[in-house]
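Visitor:
Residue numbers (the numbering used here): 3 to 160.
#1: Compute every distance between the C-beta of residue 77 and the non-hydrogen atoms of the ligand FMN, then say whether any falls below 7 Å.
#2: Assign residue 1 to buried or exposed, taking buried as 16 or more other Cβ atoms, counted over all protein chains shown, within 10 Å of its Cβ.
#3: Per DSSP, residue 150 is paired with what?
#4: Does DSSP classify residue 32 as helix, strand or coil?
#5: Provide the residue(s) that pair with residue 115 in DSSP beta bridges, ordered along the chain.
#6: Does the stretch 75-91 come into contact with the stretch 36-49, if we say contact requires no fewer than three beta-carbon pairs (one atom in each stretch) closer than 8 Å?
#7: In the DSSP assignment, what residue or residues form a beta bridge with residue 121?
#8: Starting from the N-terminal side, write out each stretch of the alpha helix (DSSP H) that is 4 residues or longer and does not extend beyond the stretch 66-99.
#9: What do you reckon, are the CB atoms on residue 36 and residue 51 nearer than 8 Å?
#10: According to DSSP, is residue 59 part of a helix, a strand, or is it coil?
#11: Between which two residues does the beta strand (DSSP E) carrying residue 134 extend?
#12: Taking 8 Å as the threshold, find out whether the stretch 99-118 comes into contact with the stretch 133-142 through three or more Cβ pairs.
#13: Check this for me: beta carbons of residue 84 and residue 48, under 8 Å apart or not?
#14: Does DSSP put residue 159 in a helix, in a strand, or in coil?
In structure tokens, the structure reads:
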């Protein structure tokens with residue numbers, strides 16, 4: 003068993019769709035990024051790669067590569083999972099915390115979990131997604147963007 007952690011943050015940008023864990027969230031702004039800027043999935047991918055000592059998301063999917071412009075991070079998650087499998091690893095479980103003052107995310111958490119479980123090929127009870135605020139503190143509290151933390155445990159494939 004191995005464990006990795008990941009962190010990601012993106013600033014809000016008007017005129018972009020807000021996508022978190024593959025779910026489009028109705029909101030006045032989205033996140034700025036080269037891909038769809040799906041912050042929690044980027045943190046999860048980093049946690050997965052970290053657990054396998056495979057570097058980070060930028061090494062595998064650089065923002066300088068036009069192939070990843072606007073790409074769905076659910077697809078990046080699938081590609082990251084495939085890279086883990088090439089090294090004979092699979093995700094055992096994962097836990098994500100989304101840090102955002104707004105919007106309220108509780109109505110979307112179940113769909114987020116289902117998306118991740120489906121892509122990783124693991125049961126729903128092995129995927130945790132939570133949301134919290136910073137009680138108005140910092141850039142997330144000022145509603146300038148969203149930050150995410152993730153932990154993933156991986157194991158060797160039998």
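For each residue, glycine too, the CB sits at the ideal point set by N, CA and C.
Guide: Reading it off the structure:
#1: The model on display carries no ligand, and the ligand FMN is accordingly not part of it.
#2: Residue 1 lies beyond the residue range present for the chain, which begins at 3 and ends at 160; the question has no answer from this structure.
#3: If you number the chain shown from 1, residue 150 lands on position 148. According to DSSP, residue 150 bridges with 10 and 100.
#4: Translated into positions along the chain shown, residue 32 becomes position 30. When secondary structure is reduced to three states using DSSP, residue 32 falls in the strand class.
#5: Taking the first residue of the chain shown as 1, we reach residue 115 at position 113. In the DSSP assignment, residue 115 is bridged to no other residue.
#6: Yes, the stretch 75-91 touches the stretch 36-49.
#7: Walking along the chain shown from the start, residue 121 turns up at place 119. Note: residue 121 sits in no beta bridge, so no partner.
#8: List check, alpha helix (DSSP H) in window: 75-88.
#9: Position 34 of the chain shown, counting from 1, holds the residue named residue 36. Position 49 of the chain shown, counting from 1, holds the residue named residue 51. Their beta carbons are not under 8 Å apart, which means residue 36 does not touch residue 51 by this criterion.
#10: Indexing the chain shown from 1 puts residue 59 at position 57. When DSSP states are grouped into helix, strand and coil, residue 59 belongs to the helix group.
#11: The residue you call residue 134 lines up with position 132 of the chain shown. For residue 134, the enclosing beta strand (DSSP E) stretches over residues 129-134.
#12: Contact between the stretch 99-118 and the stretch 133-142 is present, with at least three C-beta pairs closer than 8 Å.
#13: The count along the chain shown starts at 1 and reaches residue 84 at position 82. The count along the chain shown starts at 1 and reaches residue 48 at position 46. Judged by beta-carbon spacing, residue 48 lies beyond the 8 Å limit of residue 84, meaning their Cβ atoms are not closer than that value.
#14: Along the chain shown, read from residue 1 onward, the residue named residue 159 stands at position 157. For residue 159, the secondary structure class from DSSP, reduced to helix, strand or coil, is coil.
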